[in-house]
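The block underneath contains the structure these notes are about, expressed in structure tokens.
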Amino acid sequence: MLASPLVTLARDDHANADLTQLAGLVAEHDVVEVVVGLPRTLANRHGAAAQAAVDYAKQLADRVTPVPVRLADERLSTVSASRMLSDRGVRGRKQRAVVDQAAAVEILQGWLDARAAALAARSPDE
């Protein structure tokens, strides 16, 4: 399975319009699972940013029930996305405009790959 971007939503900490928009996209596209990036530290610690992501995921889960909301490690996703964009000739202002979306794709693809590997490890060899 290959992750691809759909849309980038701006965070709205006051009115939570982003949560409303995201819940609408989940319903519109018949999403079966949602993945939210968990920004752990490089030392694999759970800091303030990680707690904010957990809280956001809980708020989203309340809006999209029964669709499960999962947390996925997002360490180095922006670094990886920036490198990939640079390799493709996207730099400077153009890169800043799309790096968050590219990082989200990296997070989702990593989660999909890890899930596929876990499922393959549980399946008997054919």
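If you read the sequence shown in our numbering, its first letter stands for residue 392, the second for the next number, and so on. Note that beta-carbon positions come from the ideal geometry of N, C-alpha and C, so glycine has one too.
- Query: Which whole-angstrom value describes the C-beta separation of valine 427 and leucine 462, a residue pair presumed to lie in contact below a C-beta threshold of 8 Å?
  - Reply: Here residue 427 is taken as the residue at index 36 of the sequence shown, counted from 1. Here residue 462 is taken as the residue at index 71 of the sequence shown, counted from 1. Taking 8 Å as the upper bound for CB-CB distance, valine 427 and leucine 462 are in contact here, some 6 Å apart.
- Should arginine 474 and leucine 433 be called a contact, given that it needs their Cβ atoms to be closer than 8 Å? In the sequence shown, residue 474 corresponds to position 83, counting from 1. In the sequence shown, residue 433 corresponds to position 42, counting from 1. No, the Cβ-Cβ distance between arginine 474 and leucine 433 is not below 8 Å.
- Inspect the beta-carbon positions of alanine 520 and leucine 503 and report whether they are closer than 8 Å. Here the chain comprises residues numbered 392 to 517, so residue 520 is not present and cannot be evaluated.
- Query: How big is the Cα-Cα spacing for arginine 431 and valine 458?
  - Reply: Taking the sequence shown and counting its residues from 1, the one referred to as residue 431 is at position 40. Taking the sequence shown and counting its residues from 1, the one referred to as residue 458 is at position 67. Spanning the two alpha carbons is a distance of roughly 24 Å.
- Confirm, please, whether the CB-CB distance from leucine 476 to valine 489 is below 8 Å. Your numbering for residue 489 matches position 98 in the sequence shown. Your numbering for residue 476 matches position 85 in the sequence shown. In contact: valine 489 and leucine 476 (Cβ atoms closer than 8 Å).
- How would you call serine 468, buried or exposed, if buried means at least 16 neighbouring beta carbons within 10 angstroms? Within the sequence shown, the letter at position 77 stands for residue 468. Answer is buried; the Cβ neighbour count reaches 16.
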